[in-house]
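Asker: Have a look at the structure that comes next, please.
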Amino acid sequence: MGLRVANFIEEGRLGGPQIRIAEVAKHLNDIGIETTVILPKYQSEAFKQKLKEYNIKTVPLPIHRLTKDKKQRHRKEEVSDKEIQEQLRATLAKLSGSKTRGSVSRAKYRREKRTAAAEAEEEKLQKQQKDQRECLSCLTKCET
């Protein structure tokens, strides 16, 4: 495994620092050092495009610039219609009580395990009864 570098920047608008990150990452990739840029999810389309041109991996996160302005600090991130639909779908699935594939397979595994344990117990009981009958038949033979 080669050397890997991660660049984190909280400002997504394309400017001097972003261009420098892209250029350095390009040169590092050229010499075999894997570079990933962690950047804001919003307001960074031009920066993302530049990184894409250079074949640099990106990780967009819902982050924003640090500021002293309280209104800016507590602003809510924009949510896309697709994210809303996915969240609604997941919530409705939870409310309807529908089972996921994982829970179905776990239930099936537990059921099979209980059945196997019951069968093993039944075989053990039958063997004990058979041994008792053999013992009784031996005792009656010995007495006669």
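Residue numbers (this note's numbering): 52 to 195.
Beta carbons are placed, not taken as given, at the ideal position from N, Cα and C, and that holds for glycine.
1) Looking only at its own chain, which residues have a Cβ that is under 8 angstroms from the Cβ of Pro68, when we skip the five neighbours before and after it?
2) Buried or exposed for Thr191, please, with buried defined as at least 16 other CB atoms from any protein chain shown within 10 angstroms of its CB.
3) So, at 8 angstroms on beta carbons, what are the nonlocal neighbours of Lys103 in its own chain, with the 5 sequence-adjacent residues on each side left out?
4) Give the straight-line distance between the Cα atoms of Lys77 and Glu85, rounded to the nearest whole angstrom.
5) Using a threshold of 9 angstroms, state whether the C-beta atoms of Val88 and Ile107 are closer than that.
6) Kindly give me the distance between the Cβ atoms of Pro113 and Lys92, rounded to whole angstroms, as I take these residues to be in contact under 8 angstroms.
7) Tell me Phe98's beta-bridge partners as DSSP assigns them.
8) Quick check on Ser173: does DSSP put it in helix, strand or coil?
Answerer: This is what the structure holds:
1) Locating residue 68 in the sequence shown gives position 17, where the first residue counts as 1. Sequence-distant partners of Pro68 (beyond 5 residues in either direction) whose C-beta falls short of 8 angstroms from its own C-beta, in its chain, are Ile60, Glu62.
2) Within the sequence shown, residue 191 is the residue found at index 140, counting from 1. Around the beta-carbon of Thr191, fewer than 16 other beta-carbon atoms lie within 10 Å, marking it exposed.
3) For this step, residue 103 is matched to residue 52 along the sequence shown. Around Lys103, the same chain offers Thr109 as residues with beta carbons nearer than 8 angstroms, after the five sequence neighbours per side are excluded.
4) What you label residue 77 is simply residue 26 of the sequence shown in a count that begins at 1. What you label residue 85 is simply residue 34 of the sequence shown in a count that begins at 1. Our two residues, Lys77 and Glu85, have alpha carbons roughly 9 angstroms apart in a direct line.
5) If you number the sequence shown from 1, residue 88 lands on position 37. If you number the sequence shown from 1, residue 107 lands on position 56. It is a contact, given that the beta carbons lie within the stated cut-off.
6) As a position in the sequence shown, residue 113 is number 62, starting the count at 1. As a position in the sequence shown, residue 92 is number 41, starting the count at 1. Indeed they touch by this definition, with Cβ atoms about 5 angstroms apart.
7) Looking up residue 98 in the sequence shown gives position 47. BP columns for Phe98 are empty, so no partner.
8) Within the sequence shown, the letter at position 122 stands for residue 173. The displayed chain sequence assigns Glu, not Ser, to residue 173. In the structure shown, Glu173 adopts helical secondary structure according to DSSP, grouped into three states.
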